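Residue numbers (full-length UniProt numbering): 1 to 79.
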């Protein structure tokens with residue numbers, strides 16, 4: 001019996017890829033983790049949004065996105 005099992009489901013809708021990642025762990029007490037992932041299909045992917053419903057965690061992972069001349073946005077999270 002494997003100790004980890006990963007399932008990934010993907011769907012492309014109007015320039016975005018929506019995915020569901022399911023991770024199952026067989027070590028000590030059969031845990032699982034689910035993640036919703038949203039990212040653009042563009043060649044230069046600058047960001048990715050991840051939502052983990054079990055932990056109520058939302059993360060925006062990104063390369064540096066210029067907001068103003070002196071301010072860049074790079075990765076934020078919220079619980």
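Beta carbons: idealized from backbone N, C-alpha and C, even for Gly. Model, not experiment: these values are computed from the prediction.
Check, Outcome
"If we ignore side chains and look at the alpha-carbon of each, how far apart do residue 18 and residue 73 end up?", "22 Å"
"With which residues is residue 57 paired in a DSSP beta bridge?", "52"
"Please check the pair residue 4 and residue 25, which I expect to be a contact at CB under 8 Å, by giving their CB distance rounded to whole angstroms.", "6 Å"
"Assign residue 4 to one of three DSSP states: helix, strand, or coil.", "strand"
"Helix or strand or just coil, what does DSSP make of residue 14?", "coil"
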